[in-house]
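Enquirer: Residue numbers (this note's numbering): 33 to 342.
Glycine included, C-beta positions come from ideal geometry on N, C-alpha and C.
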Ligand SMILES: [Zn+2]
């Protein structure tokens, strides 16, 4: 939900005239992000998505035309593939995955915010956490989805046939529960579930130990990390990032769920240090949209609830 909205808001405040002219949002002007230049691009038939292959057997399915800049990952083994998130549900990610692999696909979500579950309804094998928050979100919603297409949220052209009025997160069926420590054997590649609650109670990361890959969902991505929603628990988040940081020596690439698909594992201990500094009151926040503040420590930032006034 508006990962980059703050930038547009500031831009409008500074230039009221832009409002009338349906401005190109600043986040959109920042595209294409330079980090993508070094990644192998894979051509597909749907222009809503861009697909990259950052490492062998992993496809980053990126949605650059919407402010979330959501990234879903298709991780391919020899016998089956695992789709880690299904994106915004604005185009058809299932068709894209069919162009990338013929193997059966298991779907797992990094967490169940609307921008990661949009095309869940299309898949028949969906694992979910055994948590009320997950079950509640699996009922679908219209409000969160509609907020994603308000002015300033779209960059470029909507997918062919997209119906703005009908846009909603469609309900999906959780076909099996998963839990911390579960291993998914894809054939020649194993993924381990690491429960990383905090951003949401159902947040998980995936570890491909043999290949040194860590998929972090919204627990870490290289943009302001959202920690302001009612379902966010800061103590849980602190414990989760500590757990991920302990893995850093074994990791080669960190892959988050927004903006840019590759980050260095050195970011993990820095993430812990930055978050600890914020919680210790050592970082001066800057105001954001009403009720929210941004804490920035070097290249890491957290969007959080504004501290209660004294
Ligand atoms: Zn999220």
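So which residues touch the region around ligand 1, with touch meaning a C-beta under 7 Å from any heavy atom?
Expert: Going by the Cβ distance cut-off, the answer is 143, 145, 147, 148, 231, 232, 250 and 258.
Enquirer: Going by beta carbon distance, what residues of the same chain come within less than 7 Å of residue 153, once the five residues before and after it are set aside?
Expert: Position 121 of the chain shown holds residue 153. Excluding sequence neighbours, residue 153 sits near 202, 203 and 204.
Enquirer: Tell me the rounded alpha-carbon separation between residue 309 and residue 151.
Expert: Taking the chain shown and counting its residues from 1, one reaches residue 309 at position 277. Taking the chain shown and counting its residues from 1, one reaches residue 151 at position 119. Going from the Cα of residue 309 to the Cα of residue 151 covers about 38 Å.
Enquirer: Would DSSP call residue 324 helix, strand or coil?
Expert: Stepping through the chain shown from its first residue, residue 324 is reached at position 292. Three-state DSSP puts residue 324 in a strand.
Enquirer: Could you check what DSSP says for residue 238 in three-state terms: helix, strand or coil?
Expert: As a position in the chain shown, residue 238 is number 206, starting the count at 1. In this structure, residue 238 counts as strand in the three-state DSSP scheme.
Enquirer: Rounded to a whole number of angstroms, what is the C-alpha to C-alpha distance between residue 237 and residue 140?
Expert: Here residue 237 is taken as the residue at index 205 of the chain shown, counted from 1. Here residue 140 is taken as the residue at index 108 of the chain shown, counted from 1. Their Cα atoms are separated by approximately 10 Å.
Enquirer: How do the stretch 322-342 and the stretch 260-268 stand: do at least 3 beta-carbon pairs fall below 8 Å, yes or no?
Expert: Judged by Cβ distances under 8 Å, the stretch 322-342 makes contact with the stretch 260-268, as three or more pairs qualify.
Enquirer: Could you give the residue range of the beta strand (DSSP E) that holds residue 217?
Expert: Along the chain shown, one-based indexing puts residue 217 at 185. Element bounds for residue 217: 215-217.
Enquirer: Do three or more CB pairs link the stretch 121-138 to the stretch 314-332 at distances below 8 Å?
Expert: Flag = no, the stretch 121-138 and the stretch 314-332 do not touch.
Enquirer: Taking three-plus beta-carbon pairs below 8 Å as touching, is the stretch 207-224 in contact with the stretch 176-192?
Expert: No, the stretch 207-224 is not in contact with the stretch 176-192.
Enquirer: For residue 288, count neighbouring Cβ atoms within 10 angstroms of its own Cβ and tell me buried if that reaches 16, exposed if not.
Expert: In the chain shown, the residue the question calls residue 288 occupies position 256. With 16 or more other Cβ atoms within 10 Å, it is buried.
Enquirer: Pull the bridge partners of residue 85 from the DSSP assignment, please.
Expert: On the chain shown, position 53 is the one that residue 85 refers to. DSSP output for residue 85 lists 72 as bridge partner(s).
Enquirer: DSSP three-state label for residue 53, please.
Expert: The residue you call residue 53 lines up with position 21 of the chain shown. Below a pLDDT of 50, predicted positions are generally treated as unreliable, and residue 53, at 48, falls in that range; the measurement from the model is reported next regardless. Correct three-state label for residue 53: coil.
Enquirer: Is residue 323 buried or exposed, if buried means 16 or more other CB atoms sit within 10 Å of its CB?
Expert: In the chain shown, residue 323 corresponds to position 291, counting from 1. Label assigned to residue 323: exposed.
Enquirer: May I have a chain-ordered list of the alpha helix (DSSP H) segments no shorter than 4 residues that lie completely inside the stretch 119-168?
Expert: Runs found: 125-132 and 146-149.
Enquirer: Measuring only between beta-carbons, confirm whether residue 173 sits less than 9 Å from chain B.
Expert: In the structure shown, chain B does not exist; there is a single protein chain.
Enquirer: State yes or no: is the C-beta of residue 247 within less than 9 Å of the C-beta of residue 107?
Expert: Position 215 of the chain shown, counting from 1, holds the residue named residue 247. Position 75 of the chain shown, counting from 1, holds the residue named residue 107. Taking 9 Å as the Cβ cut-off, residue 247 and residue 107 qualify as a contacting pair.
Enquirer: Just mark residue 254 as buried or exposed, buried being the case when its beta carbon has 16 or more other beta carbons within 10 Å.
Expert: Residue mapping note: residue 254 aligns to position 222 of the chain shown, counting from 1. Its Cβ being crowded by 16 or more others within 10 Å, residue 254 is buried.
Enquirer: Residue 258 lies in the beta strand (DSSP E); which residues open and close that run?
Expert: Your numbering for residue 258 matches position 226 in the chain shown. Per DSSP, residue 258 belongs to the beta strand (DSSP E) from 257-259.
Enquirer: For residue 285 and residue 80, I'd like the C-alpha separation in whole angstroms.
Expert: Residue mapping note: residue 285 aligns to position 253 of the chain shown, counting from 1. Residue mapping note: residue 80 aligns to position 48 of the chain shown, counting from 1. Their Cα atoms are separated by approximately 26 Å.
Enquirer: Could you tell me whether any non-hydrogen atom of ligand 2 is closer than 8 Å to the CB of residue 328?
Expert: As for ligand 2, it is missing from this structure, which binds only ligand 1.
Enquirer: Residue 56: which of 183, 297, 303 and 126 sits nearest, CA to CA?
Expert: Within the chain shown, the letter at position 24 stands for residue 56. Per the Cα distances, 183.
Enquirer: Given a threshold of 16 other Cβ atoms within 10 Å of its Cβ, counted over all protein chains shown, does residue 168 qualify as buried or as exposed?
Expert: The count along the chain shown starts at 1 and reaches residue 168 at position 136. So residue 168 ends up on the exposed side.
Enquirer: Quick check on residue 121: buried or exposed, where buried means 16 or more other Cβ atoms within 10 Å of its Cβ?
Expert: Residue numbering aside, residue 121 sits at position 89 when the chain shown is read from its first letter. Per the 10 Å Cβ criterion, buried.
Enquirer: Can you list, in chain order, the residues of its chain whose CB lies under 8 Å from that of residue 252, leaving out five sequence neighbours each side?
Expert: Here the question's residue 252 lines up with position 220 in the chain shown. 273, 276, 286, 288, 295, 299, 300 and 303.
Enquirer: Under 6 Å Cβ to Cβ from residue 221, same chain only, skipping five residues before and after it: list those, please.
Expert: Along the chain shown, read from residue 1 onward, the residue named residue 221 stands at position 189. 109.
Enquirer: Which two residues bound the contiguous beta strand (DSSP E) that contains residue 94?
Expert: Within the chain shown, residue 94 is the residue found at index 62, counting from 1. Element bounds for residue 94: 90-94.
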